[in-house]
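Heads up: the sequence shown begins at 1 in the numbering used here, then just goes up one per residue.
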Amino acid sequence: MRAEKVVASLLNGAGPVTSIVGTKVFAVMGSQPEDAPFIVYWKDSADRDRVIAYNGPTIVRAVISVQCVAIDYPTLKSLGEAVRTSLLGQFGDIAGVHVNEIQVAGEGPDLFDPEAQLFGQLWQFLIVHQE
(Lines of atoms letter the chains of each structure in order from A and count residues from 1; the text may use other names and numbers.)
(Lines give C-alpha, C1' and ligand atoms only; values in the text may rest on other atoms or scores of the structure.)
Protein backbone atom coordinates (compact mmCIF):
# COMPACT_ATOMS: atom_id res chain seq x y z
CA MET A 1 0.00 0.00 0.00
CA ARG A 2 2.99 2.30 0.37
CA ALA A 3 3.59 2.90 -3.34
CA GLU A 4 -0.11 3.49 -3.85
CA LYS A 5 -0.09 6.07 -1.02
CA VAL A 6 2.76 7.87 -2.76
CA VAL A 7 0.93 8.01 -6.09
CA ALA A 8 -2.33 9.14 -4.50
CA SER A 9 -0.58 11.85 -2.52
CA LEU A 10 1.35 13.20 -5.49
CA LEU A 11 -1.63 13.16 -7.87
CA ASN A 12 -4.05 14.70 -5.35
CA GLY A 13 -1.47 17.38 -4.55
CA ALA A 14 -0.59 18.30 -8.13
CA GLY A 15 -2.29 21.47 -9.37
CA PRO A 16 -2.10 20.49 -13.06
CA VAL A 17 -3.83 17.17 -12.27
CA THR A 18 -6.51 18.52 -9.91
CA SER A 19 -7.29 21.37 -12.30
CA ILE A 20 -8.49 18.68 -14.74
CA VAL A 21 -10.01 15.97 -12.49
CA GLY A 22 -10.65 17.78 -9.21
CA THR A 23 -10.81 15.10 -6.52
CA LYS A 24 -11.62 12.25 -8.92
CA VAL A 25 -8.51 10.14 -8.30
CA PHE A 26 -9.64 6.60 -7.47
CA ALA A 27 -7.90 3.44 -6.25
CA VAL A 28 -8.58 0.26 -8.26
CA MET A 29 -12.14 1.03 -9.39
CA GLY A 30 -13.13 3.99 -11.48
CA SER A 31 -16.10 6.24 -11.54
CA GLN A 32 -19.08 6.33 -13.86
CA PRO A 33 -18.48 7.48 -17.46
CA GLU A 34 -20.48 10.66 -16.84
CA ASP A 35 -17.93 11.62 -14.15
CA ALA A 36 -15.06 11.89 -16.66
CA PRO A 37 -12.40 13.13 -16.56
CA PHE A 38 -10.93 10.98 -13.79
CA ILE A 39 -7.92 8.84 -12.85
CA VAL A 40 -7.80 5.25 -11.59
CA TYR A 41 -4.59 3.76 -10.16
CA TRP A 42 -3.61 0.29 -8.93
CA LYS A 43 -0.55 -1.79 -8.10
CA ASP A 44 0.49 -4.28 -10.79
CA SER A 45 3.43 -5.85 -8.98
CA ALA A 46 6.14 -5.36 -6.37
CA ASP A 47 9.52 -6.99 -5.77
CA ARG A 48 11.45 -6.72 -2.51
CA ASP A 49 15.22 -6.84 -1.91
CA ARG A 50 16.78 -6.61 1.53
CA VAL A 51 19.77 -4.30 1.67
CA ILE A 52 22.85 -6.22 2.77
CA ALA A 53 23.18 -4.72 6.23
CA TYR A 54 22.09 -5.85 9.63
CA ASN A 55 18.53 -4.61 10.11
CA GLY A 56 18.83 -2.59 6.90
CA PRO A 57 15.78 -1.41 5.00
CA THR A 58 14.02 -3.44 2.33
CA ILE A 59 14.03 -1.87 -1.13
CA VAL A 60 10.70 -2.26 -2.91
CA ARG A 61 10.24 -1.85 -6.66
CA ALA A 62 6.51 -1.45 -7.28
CA VAL A 63 4.85 -0.97 -10.65
CA ILE A 64 1.77 1.23 -10.39
CA SER A 65 -0.65 1.66 -13.29
CA VAL A 66 -2.46 4.96 -13.74
CA GLN A 67 -5.45 5.01 -16.11
CA CYS A 68 -6.38 8.45 -17.42
CA VAL A 69 -9.97 8.84 -18.67
CA ALA A 70 -11.43 11.87 -20.43
CA ILE A 71 -14.38 12.89 -22.59
CA ASP A 72 -12.22 14.32 -25.38
CA TYR A 73 -8.78 13.71 -26.82
CA PRO A 74 -7.15 17.05 -25.91
CA THR A 75 -8.18 16.61 -22.26
CA LEU A 76 -6.80 13.06 -22.28
CA LYS A 77 -3.43 14.26 -23.56
CA SER A 78 -3.30 17.14 -21.06
CA LEU A 79 -4.21 14.79 -18.21
CA GLY A 80 -1.59 12.22 -19.23
CA GLU A 81 1.10 14.89 -19.37
CA ALA A 82 0.02 16.27 -15.99
CA VAL A 83 0.19 12.79 -14.45
CA ARG A 84 3.60 12.07 -15.98
CA THR A 85 5.18 15.32 -14.85
CA SER A 86 3.62 15.05 -11.37
CA LEU A 87 5.18 11.63 -10.72
CA LEU A 88 8.36 11.39 -12.80
CA GLY A 89 11.57 12.03 -10.88
CA GLN A 90 9.97 12.50 -7.47
CA PHE A 91 11.96 11.31 -4.43
CA GLY A 92 12.30 11.85 -0.70
CA ASP A 93 9.72 11.40 2.05
CA ILE A 94 6.27 11.37 0.43
CA ALA A 95 3.12 10.44 2.38
CA GLY A 96 5.28 8.85 5.09
CA VAL A 97 7.22 6.69 2.61
CA HIS A 98 10.91 7.12 1.77
CA VAL A 99 10.92 7.17 -2.05
CA ASN A 100 14.23 6.58 -3.82
CA GLU A 101 12.91 7.38 -7.29
CA ILE A 102 9.93 7.30 -9.64
CA GLN A 103 10.38 6.39 -13.30
CA VAL A 104 8.04 5.89 -16.24
CA ALA A 105 7.81 2.12 -16.79
CA GLY A 106 5.43 2.31 -19.75
CA GLU A 107 3.13 4.54 -21.76
CA GLY A 108 0.14 2.82 -23.31
CA PRO A 109 -1.67 3.70 -26.51
CA ASP A 110 -4.39 6.32 -26.79
CA LEU A 111 -7.73 4.49 -26.79
CA PHE A 112 -11.37 5.33 -27.46
CA ASP A 113 -14.38 3.39 -26.15
CA PRO A 114 -17.25 4.07 -28.57
CA GLU A 115 -19.86 2.62 -26.22
CA ALA A 116 -18.89 4.84 -23.27
CA GLN A 117 -17.78 7.70 -25.54
CA LEU A 118 -14.56 8.06 -23.52
CA PHE A 119 -10.86 8.35 -24.29
CA GLY A 120 -8.28 6.56 -22.17
CA GLN A 121 -4.58 6.00 -21.76
CA LEU A 122 -2.67 3.77 -19.36
CA TRP A 123 0.62 4.88 -17.83
CA GLN A 124 2.86 2.67 -15.68
CA PHE A 125 5.33 3.97 -13.13
CA LEU A 126 8.13 2.23 -11.26
CA ILE A 127 8.15 3.42 -7.64
CA VAL A 128 11.36 2.47 -5.80
CA HIS A 129 10.99 2.95 -2.05
CA GLN A 130 12.12 1.64 1.31
CA GLU A 131 10.17 -0.19 3.95
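Yeah, the Cβ is synthetic: ideal placement off N, Cα and C, and Gly gets one too.
Point to revise | Through-space distance from D44 to A62, alpha-carbon basis | key: Here residue 62 corresponds to residue number 62 of the sequence shown, with the count starting at 1. Here residue 44 corresponds to residue number 44 of the sequence shown, with the count starting at 1. About 8 Å.
**Study point:** Straight-line gap, G80 to V97 (C-alpha atoms, nearest Å)
**Key:** To locate residue 80, count along the sequence shown from 1; it is residue 80. To locate residue 97, count along the sequence shown from 1; it is residue 97. Spanning the two alpha carbons is a distance of roughly 24 Å.
Exercise for review: Given a cut-off of 8 Å, decide if I39 and T75 are closer than it, judged by their beta-carbon atoms.
Suggested key: As a working mapping, residue 75 is identified with position 75 in the sequence shown. As a working mapping, residue 39 is identified with position 39 in the sequence shown. No. Outside cutoff.
**Study point:** Sequence-distant residues of its chain with Cβ nearer than 7 Å to L122 (five each side left out)
**Key:** In the sequence shown, counting from the first residue as 1, residue 122 sits at position 122. Here the set comprises S65, Q67 and G108.
Practice item. Would you check if the distance between the CB atom of V17 and the CB atom of V83 is smaller than 8 Å? Key: By 1-based counting over the sequence shown, the position of residue 17 is 17. By 1-based counting over the sequence shown, the position of residue 83 is 83. A contact, by the Cβ cut-off of 8 Å.
**Study point:** Cβ shell of D93 (< 8 Å), same chain only, five flanking positions each side left out
**Key:** Looking up residue 93 in the sequence shown gives position 93. The residues are V99.
Check your understanding: In whole angstroms, what separates the C-alpha of V104 from that of V128?
Key -> The count along the sequence shown starts at 1 and reaches residue 104 at position 104. The count along the sequence shown starts at 1 and reaches residue 128 at position 128. Those two C-alpha atoms are separated by around 11 Å.
Exercise for review: Measure the alpha-carbon distance for W42 versus A27 and round it to whole angstroms.
Suggested key: In the sequence shown, counting from the first residue as 1, residue 42 sits at position 42. In the sequence shown, counting from the first residue as 1, residue 27 sits at position 27. Spanning the two alpha carbons is a distance of roughly 6 Å.
Check your understanding: What do you get for G13, buried or exposed, if any count of 16 or more other CB atoms within 10 angstroms of its CB means buried?
Key -> As a working note, residue 13 is residue 13 in the sequence shown. It is exposed - the Cβ of G13 has fewer than 16 other Cβ atoms within 10 Å.
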